[in-house]
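Everything in the sequence shown is counted per this note's numbering, starting at 4 for the first residue and increasing by one.
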Amino acid sequence: MLPQIVPRSLDKDMSDILVKYLEMEGIKVVLGKPITKLIGETKVEKACFGDEEIYDADMVIMATGVRAELELANMAGCEIGRWAILVNDRMETSVENVYAVGDCVESKDLILGSNTISQLGTTAVRESKTLARTICGKKSKFNPVLNSMVSKVGKLEFGAVGYTTSFAQQNRIRPVVQKVQALTRARYYPNAKPMDIKVICDGNGTIIGCQIIAEERVAERIDTMTLAITEGLTCFDLSNMEFAYAPPVSMVTDPLILAVEEVSKKFT
Ligand SMILES: Cc1cc2nc3c(=O)[nH]c(=O)nc-3n(C[C@H](O)[C@H](O)[C@H](O)COP(=O)(O)OP(=O)(O)OC[C@H]3O[C@@H](n4cnc5c(N)ncnc54)[C@H](O)[C@@H]3O)c2cc1C
Numbered sequence: 004m005l006p007q008i009v010p011r012s013l014d015k016d017m018s019d020i021l022v023k024y025l026e027m028e029g030i031k032v033v034l035g036k037p038i039t040k041l042i043g044e045t046k047v048e049k050a051c052f053g054d055e056e057i058y059d060a061d062m063v064i065m066a067t068g069v070r071a072e073l074e075l076a077n078m079a080g081c082e083i084g085r086w087a088i089l090v091n092d093r094m095e096t097s098v099e100n101v102y103a104v105g106d107c108v109e110s111k112d113l114i115l116g117s118n119t120i121s122q123l124g125t126t127a128v129r130e131s132k133t134l135a136r137t138i139c140g141k142k143s144k145f146n147p148v149l150n151s152m153v154s155k156v157g158k159l160e161f162g163a164v165g166y167t168t169s170f171a172q173q174n175r176i177r178p179v180v181q182k183v184q185a186l187t188r189a190r191y192y193p194n195a196k197p198m199d200i201k202v203i204c205d206g207n208g209t210i211i212g213c214q215i216i217a218e219e220r221v222a223e224r225i226d227t228m229t230l231a232i233t234e235g236l237t238c239f240d241l242s243n244m245e246f247a248y249a250p251p252v253s254m255v256t257d258p259l260i261l262a263v264e265e266v267s268k269k270f271t
C-alpha cells in the first residue's frame, strides 16, 4: 500500500535495490495500492488491487504491522502513551508492582529523547533483563534505542540503524546524506560482493543513521554504526577509526570509512 518496502528502516532508493533484486528473482512487487478484495470458494484463489489488477493466489500472508494490545494494561490502570504502555527505565509502569516489556511498551529514542516504539526481539530481551534486575532489587537501567536491525531476503542482507532521511526531515533535522558502493573483500580477491551503504548525518556531521545492503557482512557494520551513533561520533571522527583488514575478508579502506569520508566532503 505504501510507495516503498521497509519504509521504517530504509530510504526509498535503498529499498529499490531490494525491489530490483526481488524482481530479478521473479517476484512481482506491487507498491502504492491497497489490496481491496480476496476471492475464493473454499480457499483463497485471487487477490485484487481494485477491479482491474487481479492476481491468482494459492496462499495469502498478511503482514500489515504490529500494534500493542492494551486492554489488560488499561484494566490495570497503566498510563498509556501515543502507541503503547508507558514505562520508566526500570520497566515499571505507572501502577506500583506492575511492569511491562516488549512490543507493548514505548521506549526512548536515543537521538531525540522522545518516545518511540521499537518492536524488536533485541529490545524485548534487553528490556526483560532490565526488568529481572529491577524485580531482584538490583541497579537497572534500560538505555534509549536506535532500532538497529538486520534481515535477509534471498541472497541479500540488509540492515539499518538510526534515522532515515525522511524521518530526519520530519523531525526538523537537516540531513546530510551520502550513498557509496564498495566491496566486501579486496577488489582482486575472488567473490568480492558489492556493498551499498548510505550514511546520514545532521548539520554538524554527527552520524544519525546508516543503511547497508550486501550479500555478506552487513550486521557487523550496522553494529559498528550503532556504537558510533550511541557515542555521538561525527563522520570526521569515524573516518579516522582503525578497521582490521585482510584481502579475503575486507577492503583496505573499509566500506564504512569510504562512506563517512565521502559524507565528510560535504562539510568542507
Ligand atoms: C515474523 C517476525 C520476524 C521477526 N524477526 C525479528 C528479528 O529477526 N529480529 C528482531 O530483533 N525482532 C524480530 N521480530 C520482532 C520480535 O519477534 C518481537 O519484537 C518480540 O518477539 C517481542 O517480544 P514480546 O515478548 O513483546 O512479544 P512476543 O514474543 O510476541 O510474546 C508474547 C507472548 O504472549 C503470549 N500471549 C498473548 N496473549 C496472551 C494471553 N492472553 N495470555 C497468555 N499469553 C499470551 C503469546 O503467545 C506470546 O508467547 C520479528 C517478528 C516477527 C512477527
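All residues carry an ideal CB built from backbone N, CA and C; glycine is no exception. Predicted model only: the values in this text are computed from it and were never measured.
When the five nearest sequence neighbours on each side are left out, the beta carbons in the same chain lying within less than 6 Å of the beta carbon of residue 118 are those of 84, 109, in order along the chain.
In this structure the segment 146-164 does not lie against the segment 235-242, because fewer than three pairs of beta carbons, one per stretch, are closer than 8 Å.
Inclusion of residue 125 in the 7 Å shell around ligand 1 follows from its C-beta lying nearer than that to a non-hydrogen atom of the ligand. Cβ contact annotation for residue 265 (same chain, cutoff 7 Å, sequence separation greater than five): 181, 183, in chain order. Of the residues assessed, residue 4 falls on the exposed side of the cut-off, its CB having fewer than 16 other CB atoms within 10 angstroms. With a threshold of 7 Å, the Cβ atom of residue 107 counts as near ligand 1, since some heavy atom of the ligand is closer than that. For residue 226, the enclosing alpha helix (DSSP H) covers residues 221-233.
Distance between residue 208 and residue 114, taken at the CA atoms: about 14 Å. A distance of 8 Å or more separates the beta carbons of residue 90 and residue 112.
Taking the C-beta atoms as reference points, residue 130 is found nearer than 8 Å to residue 94. Burial is judged here by how many other beta carbons sit within 10 angstroms of a residue's own beta carbon; residue 6 has fewer than 16 and is exposed. Straight-line spacing of the CA atoms in residue 177 and residue 257 works out to 27 Å.
The Cβ atoms of residue 140 and residue 211 lie no closer than 8 Å to each other. 8 Å or more divides the Cβ of residue 120 from the Cβ of residue 66.
With 16 or more other CB atoms across the displayed protein chains lying within 10 angstroms of its CB, residue 261 is buried. The closest heavy atom of ligand 1 lies 7 Å or more from the beta carbon of residue 12. Annotation note: the segment 118-159 contains the following uninterrupted alpha helix (DSSP H) runs of length 4 or greater, listed N- to C-terminal: 124-138.
DSSP places residue 58 in no alpha helix (DSSP H) but in the uninterrupted beta strand (DSSP E) bounded by 56-59. The beta carbon of residue 110 sits no closer than 7 Å to any heavy atom of ligand 1. Not one heavy atom of ligand 1 lies closer than 7 Å to the C-beta of residue 169.
The DSSP-derived three-state label of residue 161 is strand. Looking from the CA of residue 143, the closest CA among 151, 132, 224 belongs to 132. Distances between the C-beta of residue 122 and the heavy atoms of ligand 1 include at least one below 7 Å. Counted as a single uninterrupted DSSP element, the stretch harbouring residue 7 is not any alpha helix (DSSP H), since DSSP gives it neither H nor E. Distances from the CA of residue 263 to each of 56, 104, 82, 238 were compared; the closest alpha carbon is that of 238. Around residue 39, the same chain offers 51, 53 as residues with beta carbons nearer than 6 Å, after the five sequence neighbours per side are excluded. For residue 50, the enclosing beta strand (DSSP E) stretches over residues 49-52. Proximity of the beta carbon of residue 154 to ligand 1 is indicated: a heavy atom of the ligand is located closer than 7 Å.
One alpha carbon belongs to residue 48, the other to residue 55, and they sit about 16 Å apart.
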